[in-house]
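Chemist: Taking our numbering, the leading residue of the sequence shown gets 620, the next gets one more, and so forth. Have a look at this one before I ask anything.
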Amino acid sequence: VGVALMAVAMVSIGLGNSIAFMYIGTTIAGIGFSFVMPSIFMNLGAAVHPSQMPTASGIVMASMNVGGFCSAYFFAFLAGIMGVDMTITIKFPFYVSMIAFAVIGIALLFIKPKQQSAPQPE
620 VGVALMAVAM
630 VSIGLGNSIA
640 FMYIGTTIAG
650 IGFSFVMPSI
660 FMNLGAAVHP
670 SQMPTASGIV
680 MASMNVGGFC
690 SAYFFAFLAG
700 IMGVDMTITI
710 KFPFYVSMIA
720 FAVIGIALLF
730 IKPKQQSAPQ
740 PE
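Right under this line is the structure:
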């Protein structure tokens, strides 16, 4: 749901031509992000031993911040490959994000997590 909301937010921001669409898009993105972040940390907590949780959450947060830093360079690289002038098409990152979130959202619908067997009482 969170990833789908992020895709809808990118549609609103990317295709909107007024400040109202920007407000709507950023509000929806905030709601979507508030769904995604707890699920990331919930899955992280299920994947690592409780004693490793501080280190694992630090690595996740550091990776997110490095990703945010590198995103401008990634979009510039992608725009260069595609021949898009980012000085004219400032909404290019939103178009790419819209497609990426939609693909991830559809993929998450079809990917079924492995059911872990419940511990049996002895």
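The beta-carbon is built from N, C-alpha and C at its ideal position, and this holds for glycine as well.
Is Gly651 near Gly621, with beta carbons less than 9 Å apart?
Modeler: By one-based count along the sequence shown, residue 651 stands at place 32. By one-based count along the sequence shown, residue 621 stands at place 2. Yes. Within cutoff.
Chemist: Excluding the 5 residues preceding and the 5 following Ala633 in the sequence, name in chain order all residues of the same chain whose CB lies nearer than 6 Å to its CB.
Modeler: In the sequence shown, the residue the question calls residue 633 occupies position 14. Going by the sequence as given, residue 633 is Gly instead of Ala. Excluding residues within five positions, the ones whose Cβ falls inside 6 Å are Lys710, Phe713, Tyr714 and Met717.
Chemist: Flag this pair as yes or no: are the beta carbons of Ser653 and Phe640 separated by less than 9 Å?
Modeler: Walking along the sequence shown from the start, residue 653 turns up at place 34. Walking along the sequence shown from the start, residue 640 turns up at place 21. Result no, Cβ atoms of Ser653 and Phe640 do not sit closer than 9 Å.
Chemist: What do you reckon, are the CB atoms on Ser724 and Ala623 nearer than 9 Å?
Modeler: Here the question's residue 724 lines up with position 105 in the sequence shown. Here the question's residue 623 lines up with position 4 in the sequence shown. It should be noted that the sequence gives Gly, not Ser, for residue 724. Closer than 9 Å, so yes.
Chemist: Can you list, in chain order, the residues of its chain whose CB lies under 7 Å from that of Ala626, leaving out five sequence neighbours each side?
Modeler: Counting from one through the sequence shown, the residue named residue 626 turns up at place 7. Cβ neighbours of Ala626 beyond the five flanking positions: Met717, Phe720, Ala721 and Gly724.
Chemist: Within the segment 622-650, note down every full alpha helix (DSSP H) run reaching 4 residues or more, in order along the chain.
Modeler: For the segment 622-650, not a single whole alpha helix (DSSP H) run of length 4 or above is found.
Chemist: Can you say whether Ala691 is buried or exposed, counting buried as having 16 or more other CB atoms within 10 angstroms of its CB?
Modeler: If you number the sequence shown from 1, residue 691 lands on position 72. Flag for Ala691 reads exposed.
Chemist: Measuring alpha carbon to alpha carbon, tell me which of Phe696, Asp704, Met661 and Phe694 ends up nearest Val679.
Modeler: Start at 1 with the first residue of the sequence shown, and residue 679 comes out as number 60. Out of Phe696, Asp704, Met661 and Phe694, Met661 has the C-alpha closest to the C-alpha of Val679.
Chemist: Between Leu663 and Ser676, which are expected to be in contact by the criterion C-beta below 8 Å, what is the C-beta distance as a whole number of angstroms?
Modeler: Here residue 663 corresponds to residue number 44 of the sequence shown, with the count starting at 1. Here residue 676 corresponds to residue number 57 of the sequence shown, with the count starting at 1. Correct: roughly 6 Å between the Cβ atoms.
Chemist: DSSP three-state label for Thr708, please.
Modeler: As a first step, residue 708 must be located in the sequence shown, where it is residue number 89. Three-state result, Thr708: coil.
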